[in-house]
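full-length UniProt numbering applies: residue 1 is where the sequence shown begins, and numbers increase by one.
For every residue, glycine included, the Cβ atom is placed at its ideal position computed from N, Cα and C.
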Amino acid sequence: MNFTEGLALAALGYWLFMLLDVLRARRWMFKLPRYAGHPTIPAQPKRSADKQAPSLPPLVSIIIAAKEEESTIADTVKHLLDQTYPRIEIIAVNDRSRDSTGRKLDELRRWSENRGDLHIPVRIIHITSLPSGWIGKNHALYQGYAQARGKYLLFTDADVKFAPNTVSDAVHYLQEEQADHLTLAPRMRMRGFWLKAFVQYFFFTLGLYVRPWRSNDDFQHKHGMGIGAFNLITRHAYERIGTHKALAMRPDDDLQLGRLVKRARLRQRLASGADHIEVEWYATLHDAVRGLEKNLFSGFGYRLWKAALGVCGQLGLFFFPWIAWLLLPGWSAWTFALSAALMVVVYLLLIRAMTGGSGIETIALPAAVLLLTYVVVRSVGLTLRQGGIYWRGTFYPLKALRSMKDSDS
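Here's what the structure looks like:
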């Protein structure tokens with residue numbers, strides 16, 4: 001057996017395994033329900049803080065980190081002010097923004113205070129400097145937690161749109177599942193075919209690598225999941241995992257938060273929130289490429305050999321089957337063709353489960369593979385050449401990033 005024949009069998013084996021794994025995992029792919037009535041969290045009249053009745057639902061502290069988010073922060077806060085859940089506080093942290101983010105947040109706070117029909121307090125924290133040993137977003141979220149009073153903490157991003165019942169449905173579901181942490185996958189708002197094809201392929205490969213549905217398996221405590229758009233966690237669980245201090249230098253703080261929850265043997269739920277939250281991750285394909293090249297190397301622990309293995313896997317298992325069945329003779333060609341067909345089936349199953357999309361972007365899979373491979377290679381090259389990463393205007397040395405990865409391994 002030559003190398004090509006061996007690769008053909010390896011690719012077929014990989015895609016058969018992934019198909020069986022995804023089919024088996026469908027029982028763990030949940031969707032946040034829409035509840036009617038919410039019997040466990042009844043609406044209550046406004047009361048003073050020192051006269052709260054025991055029947056009041058738990059307070060939810062919504063914590064937002066915002067840096068240079070002047071174009072989106074106002075919409076996000078206004079969506080949160082429209083929530084139907086009866087007990088919310090909003091803590092927005094302006095993380096050293098150089099644009100008008102801070103001014104807009106102050107205006108929103110004054111506007112909400114002058115609205116007699118709004119009973120949701122809005123607190124603004126302005127951060128002017130970043131201590132050593134922290135990534136800016138993680139420090140901002142931690143500062144928000146330090147001033148939060150809620151039993152539940154909701155960490156979210158500054159560009160998320162919320163349906164009015166999102167917090168209410170999420171708290172109800174968390175209580176119903178007796179979970180410590182709930183993370184929601186948002187509906188991704190994407191403009192244009194090629195942006196959608198690339199972003200969905202990125203999440204497809206990430207899903208196969210992380211296999212996020214395992215976080216809903218209560219009998220394993222190694223694989224967890226967190227998504228930055230929506231991480232709802234009990235205060236007790238958050239403090240038990242060490243707060244964001246345990247994630248201080250992690251660019252992938254949301255994912256790592258979910259992993260720490262599982263490793264602490266706490267109960268976690270991942271669900272699709274496509275009917276509840278929406279986010280525009282990147283506006284253009286160029287923005288997506290530039291954004292991902294800053295932090296994709298982190299997914300490989302900043303280890304060159306892991307990134308090289310990932311590139312070889314992308315080319316050998318995801319790209320080569322598309323051309324091999326046209327170029328090779330004999331049974332190898334048909335084996336690669338079957339691998340490509342299985343890849344399409346797995347893609348459709350995952351994308352429809354995660355995003356609710358049609359999956360028509362499968363026609364662009366080979367191009368998306370090559371583009372993502374290019375982004376990984378460029379991410380590695382930029383990080384090594386710079387000796388670290390620039391993240392939202394701040395430089396983080398590679399040595400410090402690697403030390404945080406090593407401490408978690």
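Inter-residue spacing [alpha-carbon to alpha-carbon] between residue i and residue j
i, j, result
"residue 203", "residue 293", "15 angstroms"
"residue 233", "residue 168", "14 angstroms"
"residue 241", "residue 146", "15 angstroms"
"residue 77", "residue 305", "43 angstroms"
"residue 19", "residue 138", "36 angstroms"
"residue 324", "residue 337", "8 angstroms"
"residue 229", "residue 10", "36 angstroms"
"residue 216", "residue 15", "23 angstroms"
"residue 343", "residue 57", "46 angstroms"
"residue 394", "residue 132", "11 angstroms"
"residue 327", "residue 8", "13 angstroms"
"residue 183", "residue 281", "17 angstroms"
"residue 174", "residue 208", "26 angstroms"
"residue 135", "residue 154", "19 angstroms"
"residue 257", "residue 1", "45 angstroms"
"residue 334", "residue 165", "50 angstroms"
Candidates the options: closest to residue i by CA position
i, options, result
"residue 211", "6, 21, 269", "21"
"residue 273", "67, 188, 244", "188"
"residue 295", "74, 161, 389, 181", "389"
"residue 69", "100, 59, 82, 330", "100"
"residue 150", "237, 76, 157, 298", "237"
"residue 152", "61, 130, 325", "61"
"residue 353", "57, 256, 275, 239", "275"
"residue 171", "194, 208, 269, 247", "269"
"residue 181", "341, 342, 261, 368", "261"
"residue 158", "402, 378, 279", "279"
"residue 4", "178, 396, 59, 332", "332"
"residue 259", "227, 289, 178", "227"
"residue 235", "192, 179, 186, 287", "179"
"residue 13", "398, 289, 340, 369", "340"
6 angstroms CB neighbourhood of residue i in its chain, flanking five on each side removed
i, result
"residue 25", "213"
"residue 364", "197"
"residue 223", "214"
"residue 380", "297, 307"
"residue 420", "With the chain covering 1 to 409 only, the question about residue 420 has no answer from this structure."
"residue 65", "93, 95, 137, 140, 141"
Paired residues, beta bridge with residue i - DSSP
i, result
"residue 155", "63, 231"
"residue 95", "127"
"residue 396", "389"
"residue 274", "Residue 274 pairs with nothing; no bridge assigned."
"residue 269", "182"
"residue 88", "60"
"residue 188", "279"
"residue 161", "278"
"residue 30", "271"
"residue 122", "90"
Contact set for residue i: own chain, Cβ-Cβ below 7 angstroms, skip 5 residues either direction
i, result
"residue 351", "200, 204, 357, 359"
"residue 243", "142, 145"
"residue 74", "104, 108"
"residue 382", "293"
Cβ-based neighbour list, residue i, same chain, cut-off 8 angstroms, excluding 5 preceding and 5 following
i, result
"residue 120", "80, 81, 83, 88, 89, 90, 112"
Task: Contact between the segment 368-376 and the segment 310-317 (3+ Cβ pairs under 8 angstroms) - done: yes
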